[in-house]
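In the numbering used here, the protein residues as written are 12 to 443.
Note sheet for the following structure.
Right under this line is the structure:
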């Protein structure tokens with residue numbers, strides 16, 4: 012008896028559950044039906060708003076067309092219609108009417124910033140809606156090949172010019188000093204990149220296609236760079252995404268600048284990578300040279316002798332015409348000088364003198380190197396004479412700058428017992 016009761020209870024529960032499921036399914040069908048009605052109504056309203064010679068409509072009735080906007084917004088958010096291609100087809104068609112209207116308005120009043128902002132917003136919506144329609148249309152197994160081709164071409168044409176307006180806006184916004192505009196610039200550049208990789212525009216052929224994509228990546232990176240609080244990982248990611256474009260030099264430069272105060276090791280990493288990446292690129296040779304100069308200075312300051320010598324040699328070999336190339340010689344000589352390799356230092360400074368005859372530091376440091384060798388070598392006469400000769404040459408070439416040679420010659424002549432020659436230089440001796 013007990014078992015029978017349990018069976019009856021189980022049957023009752025099953026029946027109740029079945030009834031509930033049936034009611035839920037019925038409710039879902041009704042909800043789906045109502046959602047689809049909204050899309051159909053929006054479609055019908057759109058068709059009754061646009062020009063139609065058959066019914067005597069010569070212009071778009073934007074008052075009537077505007078009533079479709081809340082309907083479409085609801086459909087784009089409703090679980091039953093947000094993945095329906097028709098929703099996005101109608102939304103695209105409606106936005107295209109606004110696109111044409113606002114394009115003419117901005118042409119007529121090109122200085123109206125409010126109109127331009129509204130137009131770009133419409134362009135962004137039109138681009139996104141067309142992309143969504145094309146992607147969902149392809150998922151529908153009932154879509155015939157001829158229909159797909161026709162619709163694809165039509166909505167690609169509608170989207171392309173709008174997308175280019177979005178790209179232009181992303182450039183303008185990336186140069187803003189306002190945080191909200193920079194953030195909007197990121198959204199627009201992201202939308203453009205998304206649209207170019209979508210099924211709608213993947214086969215869009217244009218000689219400037221790759222340039223457009225590179226521009227969008229550059230504008231996105233610049234916006235992120237200037238947005239306060241942008242995560243470090245995001246900064247790295249957006250600039251790394253530029254490294255496969257013609258703006259790779261800017262990418263390495265920006266990352267090196269970004270880490271200049273934050274992390275010198277990372278700064279040096281991106282400088283070195285930039286040097287390697289730009290090798291053989293004549294258009295970015297100067298930028299590569301600047302990377303090398305900055306890297307060399309950092310290596311010198313950190314005492315990375317091997318890294319410094321490698322970079323200094325690169326500069327001497329490939330960037331002798333760089334205004335800062337002389338630093339490669341001067342710093343290399345200074346490193347040898349600090350290591351007490353005075354002969355080596357003198358040789359480097361004299362080589363620099365040949366390359367840069369108008370830079371007095373080269374001869375000055377060569378003379379000081381010769382003097383230090385004499386001081387550490389027992390003040391042998393040949394060594395002292397060489398130091399004197401170099402300082403005399405320095406005097407001859409820079410007669411109005413006795414700070415470089417006056418005191419040195421007084422001391423050297425005194426130390427070699429040439430008092431008569433020392434006398435004219437006594438006035439430069441700082442002890443007096």
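Idealized CB from N, CA, C, for every residue including glycine.
Since this is a predicted model, take the numbers as computed values, not measurements.
Taking only three categories from DSSP, how would you classify residue 110?
Taking the chain shown and counting its residues from 1, the one referred to as residue 110 is at position 99. Three-state result, residue 110: helix.
For the alpha helix (DSSP H) that contains residue 382, what are its first and last residues?
The residue given as residue 382 occupies position 371 in the chain shown. That run of the alpha helix (DSSP H) goes 371-387.
Through-space distance from residue 214 to residue 81, alpha-carbon basis
Position 70 of the chain shown, counted from the start, is the residue given in the question as residue 81. Position 203 of the chain shown, counted from the start, is the residue given in the question as residue 214. Their Cα atoms are separated by approximately 33 Å.
Could you check whether the stretch 152-163 touches the stretch 177-193, counting it as contact only if at least three pairs of C-beta atoms, one from each stretch, sit closer than 8 Å?
no
Run through DSSP, which three-state label would residue 68 get?
Your numbering for residue 68 matches position 57 in the chain shown. Of the three classes helix, strand and coil, the one that applies to residue 68 here is strand, per DSSP.
So, are the CB atoms of residue 331 and residue 366 less than 8 Å apart?
Position 320 of the chain shown holds residue 331. Position 355 of the chain shown holds residue 366. In this structure, residue 366 lies closer than 8 Å to residue 331 by Cβ.
My understanding is that residue 413 touches residue 439, with C-beta atoms under 8 Å, so please give their C-beta distance in whole angstroms.
Looking up residue 413 in the chain shown gives position 402. Looking up residue 439 in the chain shown gives position 428. So it is a contact: roughly 5 Å between Cβ atoms.
Just reading off the alpha helix (DSSP H) that residue 415 is part of, what are its end residues?
Along the chain shown, one-based indexing puts residue 415 at 404. Careful: residue 415 lies outside any alpha helix (DSSP H) and carries neither H nor E.
Which residues in the same chain as residue 337 place their Cβ atom closer than 7 Å to its Cβ, once the five residues preceding and following it in sequence are excluded?
The sequence position of residue 337 within the chain shown is 326, counting from 1. Closer than 7 Å at the Cβ level, and outside the excluded window around residue 337, lie 363, 367 and 370.
With distances taken Cα to Cα, identify the nearest neighbour of residue 7 among 297, 233, 401 and 269.
With the chain represented from 12 up to 443, any question about residue 7 goes unanswered, as that position is not in the structure.
According to DSSP, is residue 63 helix, strand or coil?
As a working note, residue 63 is residue 52 in the chain shown. Residue 63 falls in the strand class under three-state DSSP.
Let me know the secondary structure DSSP gives residue 12 once reduced to three states.
Position 1 of the chain shown, counted from the first residue, corresponds to residue 12. With a pLDDT of 48 at residue 12, under the threshold of 50, the modelled position of this residue cannot be trusted, and the question is left open.
Using 8 Å as the threshold, is the C-beta distance between residue 107 and residue 169 below it?
Position 96 of the chain shown, counted from the first residue, corresponds to residue 107. Position 158 of the chain shown, counted from the first residue, corresponds to residue 169. Result yes, Cβ atoms of residue 107 and residue 169 sit closer than 8 Å.
When you compare the CB positions of residue 102 and residue 83, do they come within less than 8 Å of one another, or not?
Residue mapping note: residue 102 aligns to position 91 of the chain shown, counting from 1. Residue mapping note: residue 83 aligns to position 72 of the chain shown, counting from 1. Contact: yes.
Here's a check: name, in chain order, each residue in its chain whose Cβ is nearer than 8 Å to the Cβ of residue 434, leaving out the five neighbours to either side.
Counting from 1 along the chain shown, the entry for residue 434 is found at position 423. Result list for residue 434: empty, nothing under 8 Å.
Using 10 angstroms around the beta-carbon of residue 397, count the other beta-carbons present and answer buried if the total reaches 16, otherwise exposed.
Here residue 397 refers to the residue found at position 386 of the chain shown. The residue is buried, with at least 16 neighbouring Cβ atoms inside 10 Å.
Range covered by the alpha helix (DSSP H) that runs through residue 306
Mapped onto the chain shown, residue 306 falls at position 295. That run of the alpha helix (DSSP H) goes 296-313.
Coil, strand or helix - residue 271 by DSSP
What you label residue 271 is simply residue 260 of the chain shown in a count that begins at 1. Reduced to three states, the DSSP call for residue 271 is coil.
Please name the residue, chosen from 132, 234 and 97, that lies closest to residue 114 on a Cα-to-Cα basis.
Looking up residue 114 in the chain shown gives position 103. It is 132 whose Cα lies nearest to the Cα of residue 114.
Pick helix, strand or coil for residue 409, following the three-state DSSP scheme.
Here residue 409 is taken as the residue at index 398 of the chain shown, counted from 1. In the structure shown, residue 409 sits in coil (DSSP, three-state: anything other than H, G, I, E or B).
Less than 8 Å between the beta carbons of residue 190 and residue 124, yes or no?
Taking the first residue of the chain shown as position 1, residue 190 is located at position 179. Taking the first residue of the chain shown as position 1, residue 124 is located at position 113. No.
Short of 6 Å in beta carbon distance, which residues of its chain neighbour residue 45, apart from the five on each side in sequence? Order them along the chain.
To locate residue 45, count along the chain shown from 1; it is residue 34. Same-chain partners within the cutoff: there are none.
On the DSSP letters alone, give me the boundaries of the alpha helix (DSSP H) that residue 217 sits inside.
As a first step, residue 217 is located in the chain shown; it is residue number 206 there, counting from the start. No alpha helix (DSSP H) holds residue 217; DSSP gives it neither H nor E.
Where are the beta strand (DSSP E) runs, 3 residues long or more, that stay fully inside the stretch 144-205, in chain order?
none
By DSSP, does residue 291 sit in helix, in strand, or in coil?
Mapped onto the chain shown, residue 291 falls at position 280. It is coil, neither helix nor strand.
Endpoints, alpha helix (DSSP H) assigned at residue 337:
Reading the chain shown from its first residue, position 326 is the one you call residue 337. Segment 337-349, the alpha helix (DSSP H) holding residue 337.
Which listed residue (126, 53, 171 and 429) has its alpha carbon closest to that of residue 204:
Looking up residue 204 in the chain shown gives position 193. Here the closest residue by C-alpha is 171.
Please report how far the alpha carbon of residue 424 lies from the alpha carbon of residue 280, in whole angstroms.
The sequence position of residue 424 within the chain shown is 413, counting from 1. The sequence position of residue 280 within the chain shown is 269, counting from 1. About 50 Å.
Is the separation between the beta-carbon of residue 256 and that of residue 228 shorter than 8 Å?
Numbered from its first residue, the chain shown carries residue 256 at position 245. Numbered from its first residue, the chain shown carries residue 228 at position 217. Result yes, Cβ atoms of residue 256 and residue 228 sit closer than 8 Å.
Which value, in whole angstroms, describes the spacing of the CA atoms of residue 154 and residue 299?
If you number the chain shown from 1, residue 154 lands on position 143. If you number the chain shown from 1, residue 299 lands on position 288. Cα to Cα, residue 154 sits roughly 53 Å from residue 299.
DSSP on residue 207, reduced to helix/strand/coil?
Along the chain shown, one-based indexing puts residue 207 at 196. Helix at residue 207.
Roughly how many whole angstroms lie between the Cα atoms of residue 210 and residue 42?
Looking up residue 210 in the chain shown gives position 199. Looking up residue 42 in the chain shown gives position 31. Taking the straight line joining both Cα atoms gives about 31 Å.
Using CA atoms only, rank isn't needed, just tell me which of 126, 119, 164 and 346 is closest to residue 141.
Walking along the chain shown from the start, residue 141 turns up at place 130. The shortest Cα separation from residue 141 among 126, 119, 164 and 346 belongs to 164.
So, residue 384 versus residue 353, is the Cβ gap smaller than 8 Å?
For this step, residue 384 is matched to residue 373 along the chain shown. For this step, residue 353 is matched to residue 342 along the chain shown. Closer than 8 Å, so yes.
Beta-carbon gap between residue 282 and residue 302 smaller than 8 Å
One-based indexing of the chain shown puts residue 282 at position 271. One-based indexing of the chain shown puts residue 302 at position 291. For residue 282 and residue 302, yes; Cβs fall inside 8 Å.
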